[in-house]
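To start, the structure under review is shown below, and the notes come after it.
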Amino acid sequence: MNYVAHPMTPNAELYNPSTEYADKLISRIGQTPSWIAKRIGVTDKRIRYILDGERTVKGETTPIQMTYTEQFALECLVAEAIALRM
362 MNYVAHPMTP NAELYNPSTE YADKLISRIG QTPSWIAKRI GVTDKRIRYI
412 LDGERTVKGE TTPIQMTYTE QFALECLVAE AIALRM
């Protein structure tokens with residue numbers, strides 16, 4: 362998926378909750394996960410869970426996927442990072 366070619370308008374049909382896509386987006390932003398978490402309004406733990414694809418609490422593992430809202434916020438940060446590099 363080419364997230365830069367699409368206008369920055371929400372479109373849930375483009376939802377891709379995969380851990381790989383989340384990792385790709387976060388890598389393209391070029392900032393720390395902590396910085397990214399603050400910018401999109403989630404905790405550092407939430408970013409780690411998204412990247413791991415799961416969380417374990419008291420020995421019980423639960424699958425974790427980013428929401429479309431989180432994906433869109435990350436895509437916006439990627440677009441901003443690319444624009445600043447040009």
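Take the sequence shown: its position 55, counting from 1, is numbered 416 in the numbering used here, and each next residue is one higher. Every residue, glycine too, gets a C-beta built ideally from N, C-alpha and C.
Asked, Found
"Quick check on VAL418: does DSSP put it in helix, strand or coil?", "strand"
"Kindly give me the distance between the Cβ atoms of VAL439 and ILE408, rounded to whole angstroms, as I take these residues to be in contact under 8 Å.", "With a Cβ gap of about 15 Å, VAL439 and ILE408 do not count as contacting."
"Where do the N-terminal and C-terminal ends of the alpha helix (DSSP H) with GLN432 fall, by residue?", "429-446"
"Contact between the stretch 370-378 and the stretch 418-434: three or more CB pairs below 8 Å?", "yes"
"Work out the CA separation of ILE387 and ARG400 for me, nearest whole Å.", "12 Å"
"Return the chain-ordered ranges of every alpha helix (DSSP H) run that is complete within the stretch 366-409 and spans a minimum of 4 residues.", "380-390, 394-401"
"Buried or exposed for LEU445, going by 16 or more other Cβ atoms inside 10 Å?", "exposed"
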